[in-house]
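Asker: Sequence positions in the sequence shown follow UniProt numbering and run 1 to 182. Each residue gets a CB set at the ideal place from its N, CA and C atoms; glycine is no exception.
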Amino acid sequence: VVVRAVSSSSSSSSRGDGGTTPSARDNTIHGVYGPHLVRRLELVLAHRAHAEGFVGCLRRAEAMAYVERDVGDHLRDAIHAAFDADGDGLVTASDIATVLSLARPFANTPHVALEARFQRAMRDAPNAHRFERGIARELAREATKYVPTLDAWMTQPVRRVAASLRTRALCEARTNETEDAR
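#1: DSSP puts residue 147 in a beta bridge; with which residues?
#2: Could you check which residue in 80, 86, 52, 97 has the C-alpha nearest to that of residue 144?
#3: Over the uninterrupted alpha helix (DSSP H) stretch that includes residue 35, give me the two end residues.
#4: When you compare only the Cα positions, how much space is there between residue 110 and residue 103?
#5: Please report how far the alpha carbon of residue 183 lies from the alpha carbon of residue 78, in whole angstroms.
#6: Using alpha carbons as the reference points, say which of 119, 57, 126 lies closest to residue 175.
#7: Closer than 6 Å by C-beta to residue 49: which residues in its own chain qualify, once you throw out the five before and the five after it? Chain order, please.
#8: If we ignore side chains and look at the alpha-carbon of each, how far apart do residue 167 and residue 156 end up?
#9: Is the beta carbon of residue 120 sitting closer than 8 Å to the one on residue 29?
#10: Helix, strand or coil, according to DSSP, for residue 8 in the structure here?
#11: Tell whether a beta-carbon distance below 8 Å holds between residue 93 and residue 122.
#12: Classify residue 86 as buried or exposed, calling it buried when 16 or more other Cβ atoms lie within 10 Å of its own Cβ.
#13: Helix or strand or just coil, what does DSSP make of residue 71?
#14: Just to confirm my understanding: we take residue 150, look at its own chain, exclude 5 residues before and 5 after, and list those with CB closer than 7 Å. What are they?
#15: Using the rule of at least 16 other Cβ atoms within 10 Å of the residue's Cβ for burial, across every protein chain shown, is residue 21 buried or exposed?
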């Protein structure tokens, strides 16, 4: 599986104010989430697509469309794979903070503060008792669906990166068709 990183032409430096809102100047996925988080999500999504048998440009685009549109368990599984930082099968506030420490808007926010923020979000979630020890894979979509903070910082980045990879795969397929026609 070949995954090419696309660099943003805008500056990738932090806003410097420690805020948690994206810069108004750069609303690309790299500008909003930071190149390191985007790269991690690209690799997770590409690995999952390949492992599920979505090989080749058009099939990879199909897999990304499933993630982007929340078809079946594709989005749920991608969220869980991307944010289970320690690989123990449960996504905890610490896991989320660890992964999001790669994100540009959180550049000046200490890990402890991020972890506390996501502990509060998980504690305040509907059916929070189901997430006491962490979010299991089968509950990942349920957990993010009804909690705006988790949706914004877990579901939306995965969807946006999947959309970007889908577009890239379709462009590669068109390029390959053009080269084959020559």
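Answerer: The structure says:
#1: Beta-bridge pairing links residue 147 to no other residue.
#2: 80
#3: 35-51
#4: Within the model, the alpha-carbon separation for residue 110 versus residue 103 is close to 12 Å.
#5: The structure shown has nothing for residue 183, since the chain only spans 1 to 182.
#6: 57
#7: 60, 63
#8: The C-alpha of residue 167 lies about 17 Å from the C-alpha of residue 156.
#9: no
#10: Confidence is the limiting factor: at residue 8 the pLDDT is only 36, short of 50, which leaves the residue's position unreliable and the question unanswerable from this model.
#11: yes
#12: exposed
#13: coil
#14: 121, 143, 144
#15: Confidence in residue 21 is poor, its pLDDT being 46 and thus under 50, which makes the residue's placement too unreliable to answer from.
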